[in-house]
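Just so you know, we're using the numbering used here here: the sequence shown kicks off at 255 and counts up by one.
Glycine is no exception: its CB is placed at the ideal position from the N, C-alpha and C atoms.
Below: the structure, in structure tokens.
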Amino acid sequence: MMADLHKDHSRRVFVNPKLKLLKYLGFLSAIACLFAPSASFASEGASRLPTWLNAHVGAGNGQIAPMVLERARALYLEKLSQGKIRNACYFAMDATRPNDLTEGPAGGRFYIICEAEQSFRVISSGHGGGRNLPGVANFTNERQCAKNFGNALNSNLTAGGAYLTSEIKTSFKGYYNVSPKQETVLTRSFVQFDGIGETANARQRAIGGHASALVSGICMMKKPDSPYANRDGYVPRGKLVTYAGGRSDGCTSWSPSETPQVLSMVKDNPTTLYVYPESKDIAAVSKALAAAKAPEKSGLYWNATCLQEIGAPKFWAKETLEPIITKYTEDHPAPPPRPVPICEGFL
255 MMADLHKDHS RRVFVNPKLK LLKYLGFLSA IACLFAPSAS FASEGASRLP
305 TWLNAHVGAG NGQIAPMVLE RARALYLEKL SQGKIRNACY FAMDATRPND
355 LTEGPAGGRF YIICEAEQSF RVISSGHGGG RNLPGVANFT NERQCAKNFG
405 NALNSNLTAG GAYLTSEIKT SFKGYYNVSP KQETVLTRSF VQFDGIGETA
455 NARQRAIGGH ASALVSGICM MKKPDSPYAN RDGYVPRGKL VTYAGGRSDG
505 CTSWSPSETP QVLSMVKDNP TTLYVYPESK DIAAVSKALA AAKAPEKSGL
555 YWNATCLQEI GAPKFWAKET LEPIITKYTE DHPAPPPRPV PICEGFL
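Written out as structure tokens, the structure is:
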């Protein structure tokens, strides 16, 4: 027995050093595969589309375009592999789709995808309305389809690209009537987006997501017992307006009924949002159209309905547009604010 033990011990001691090194390098290689660079990990992960998700891919209502899903998954897997997020769900938005469907309800183009639960949901989302600077530049968008995109400060335009959800802030917007004799308050929660690359100034632009609701036609109502009253005991009061099929100031706006679920998913648990199109997509589609080529024949994507409506999209880069907006603001200063009127019957 002692001889056998000695023999075994000898085999352990005199292992070929080259063989040990190869085994060690193999171990490191396996670890490297697990924690590979994010782009590689994301690319491989995005190429293995779960079978159940295939039914939701396409150009029809309630479906997501292949390119939009591919990029949204790649971004999600990248940030997941980097340890930046741990959320089981991710978001995507296709801003080339119509906002309003012809039959009335707001067009679904914001996607909530939870692969572990095999859950896919589509909800409405507004796009940035843009602005018209008379005699200088007009970069407005119509209600149904977005033609103009950009990342300039104070442009009110949607900027496509990569985002991470961040903190949620809730603010008081005013009182409104739910019946002739009953009123309530509107508080609106806002989830801040942190952008990456071209969208890196999202926080500076106050770009995020919130319910498509506001209080309009404000007057000041005497209500000293309200926790929202000013030092004189007045609170803003107006009419509740919801605009699920409308436009925003560049933010992502969801219908009031669907917003609570979205916010609950990202409260203290950030995730990714990918918004299509990016500036490179806009440039490529515009170039193809200028050459009288159908974008899809060049491997490009734009929703056909909206492309027919807008003619050709345009991206307004902040480097170009911000100086224009700044100069226009200097040349056309806003008039001094008028005092908000007192609500009649509520003195």
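What residue does the beta strand (DSSP E) around residue 476 start on, and which one ends it? Indexing the sequence shown from 1 puts residue 476 at position 222. Note, residue 476: beta strand (DSSP E), 467-476.
Backbone secondary structure at residue 536 - three-state DSSP: By 1-based counting over the sequence shown, the position of residue 536 is 282. In the structure shown, the three-state DSSP call for residue 536 is helix.
Distance, residue 334 Cα to residue 346 Cα: Taking the first residue of the sequence shown as 1, we reach residue 346 at position 92. Taking the first residue of the sequence shown as 1, we reach residue 334 at position 80. Between the alpha carbons of residue 346 and residue 334 lies a distance of about 16 Å.
Pull up the distance between the alpha-carbon of residue 453 and that of residue 409, whole angstroms please. Position 199 of the sequence shown, counted from the start, is the residue given in the question as residue 453. Position 155 of the sequence shown, counted from the start, is the residue given in the question as residue 409. Linking residue 453 to residue 409 through their CA atoms gives a straight-line distance of about 13 Å.
Taking DSSP's pairing of strands, which residues face residue 403 in a bridge? As a working note, residue 403 is residue 149 in the sequence shown. Answer is 569, bridged to residue 403.
With distances taken Cα to Cα, identify the nearest neighbour of residue 354 among 397, 337, 387 and 391. Taking the first residue of the sequence shown as position 1, residue 354 is located at position 100. Per the Cα distances, 397.
Cβ neighbours of residue 507 in the same chain (closer than 8 Å, five flanking residues each side left out): Position 253 of the sequence shown, counting from 1, holds the residue named residue 507. Cβ neighbours of residue 507 beyond the five flanking positions: 379, 380, 463, 464, 465, 466, 497, 498 and 500.
Considering only residues of the same chain and omitting the five flanking positions on each side of residue 303, which have a CB-CB separation below 7 Å? Stepping through the sequence shown from its first residue, residue 303 is reached at position 49. There are no such residues.
Alpha-carbon spacing of residue 401 relative to residue 384, whole angstroms: Counting from one through the sequence shown, the residue named residue 401 turns up at place 147. Counting from one through the sequence shown, the residue named residue 384 turns up at place 130. Residue 401 and residue 384 have their alpha carbons spaced roughly 10 Å apart.
Own chain partners of residue 556 with C-beta closer than 6 Å, once the 5 adjacent residues on each side are dropped: Your numbering for residue 556 matches position 302 in the sequence shown. The answer, listed in chain order, is 350, 539 and 549.
Pull up the distance between the alpha-carbon of residue 340 and that of residue 372, whole angstroms please. Locating residue 340 in the sequence shown gives position 86, where the first residue counts as 1. Locating residue 372 in the sequence shown gives position 118, where the first residue counts as 1. Straight-line Cα distance between these residues: approximately 17 Å.
Taking DSSP as the reference, what is the three-state secondary structure of residue 454? Locating residue 454 in the sequence shown gives position 200, counting from the first residue. The three-state reading of DSSP puts residue 454 in coil, since its state is none of H, G, I, E or B.
What residues in its chain sit with their C-beta under 6 Å from that of residue 413, if we drop five residues either side in the sequence? The residue you call residue 413 lines up with position 159 of the sequence shown. For residue 413, where only same-chain residues beyond five positions count, the Cβ hits under 6 Å are 405 and 453.
What does the alpha-carbon distance come out to for the pair residue 531 and residue 472? Taking the sequence shown and counting its residues from 1, one reaches residue 531 at position 277. Taking the sequence shown and counting its residues from 1, one reaches residue 472 at position 218. Rounded to whole angstroms, residue 531 to residue 472 spans 36 Å at the Cα level.
In angstroms with no decimal places, state the Cα-to-Cα distance between residue 326 and residue 526. Position 72 of the sequence shown holds residue 326. Position 272 of the sequence shown holds residue 526. Going by the C-alpha atoms only, they are around 8 Å apart.
Using a Cβ-Cβ cut-off of 6 Å (strictly less than) and excluding sequence neighbours within five positions of residue 595, which residues of its own chain qualify? The residue labelled residue 595 in the question sits at position 341 within the sequence shown. The beta carbon of residue 595 sits closer than 6 Å to those of 473, all from its chain and outside the five residues before and after it, given in chain order.
Counting C-beta neighbours from all protein chains within 10 Å, is the total for residue 511 16 or more, i.e. buried, or is it exposed? On the sequence shown, position 257 is the one that residue 511 refers to. Burial call: exposed.
Taking just the CA atoms, how far does residue 460 sit from residue 469? Taking the sequence shown and counting its residues from 1, one reaches residue 469 at position 215. Taking the sequence shown and counting its residues from 1, one reaches residue 460 at position 206. The alpha-carbon of residue 469 is positioned some 20 Å away from that of residue 460.
In whole angstroms, what is the alpha-carbon distance linking residue 429 and residue 443? Start at 1 with the first residue of the sequence shown, and residue 429 comes out as number 175. Start at 1 with the first residue of the sequence shown, and residue 443 comes out as number 189. In this structure, the CA atom of residue 429 is about 16 Å from the CA atom of residue 443.
Would residue 442 count as contacting chain D if we go by Cβ distances under 9 Å? This model lacks chain D altogether; it includes just one protein chain.
Return helix, strand or coil for residue 448, following the three-state DSSP convention. Translated into the one-based positions of the sequence shown, residue 448 becomes position 194. Secondary structure of residue 448 (DSSP, three-state): strand.
DSSP three-state label for residue 541, please. Walking along the sequence shown from the start, residue 541 turns up at place 287. DSSP places residue 541 in the helix class (H, G or I) of the three-state scheme.
Straight-line gap, residue 361 to residue 558 (C-alpha atoms, nearest Å): In the sequence shown, the residue the question calls residue 361 occupies position 107. In the sequence shown, the residue the question calls residue 558 occupies position 304. One Cα belongs to residue 361, the other to residue 558, and the distance between them is close to 14 Å.
Distance check for residue 321 and residue 553, CA to CA, integer angstroms please. Within the sequence shown, numbered from 1, the residue matching residue 553 stands at position 299. Within the sequence shown, numbered from 1, the residue matching residue 321 stands at position 67. If you draw a straight line from the Cα of residue 553 to the Cα of residue 321, it comes to about 10 Å.
So the candidates are 420, 352 and 544; which of them puts its Cα closest to the Cα of residue 521? Counting from one through the sequence shown, the residue named residue 521 turns up at place 267. Nearest C-alpha to residue 521: 420.
Limits of the beta strand (DSSP E) - the one that residue 527 falls within: Here residue 527 is taken as the residue at index 273 of the sequence shown, counted from 1. From DSSP, the beta strand (DSSP E) with residue 527 extends over 526-530.
Is the distance from the Cβ of residue 495 to the Cβ of residue 475 below 9 Å? Mapped onto the sequence shown, residue 495 falls at position 241. Mapped onto the sequence shown, residue 475 falls at position 221. One thing to note: residue 495 has its Cβ no nearer than 9 Å to the Cβ of residue 475.
Name, in chain order, the residues that DSSP records as bridge partners for residue 362. Within the sequence shown, the letter at position 108 stands for residue 362. Answer is 378, bridged to residue 362.
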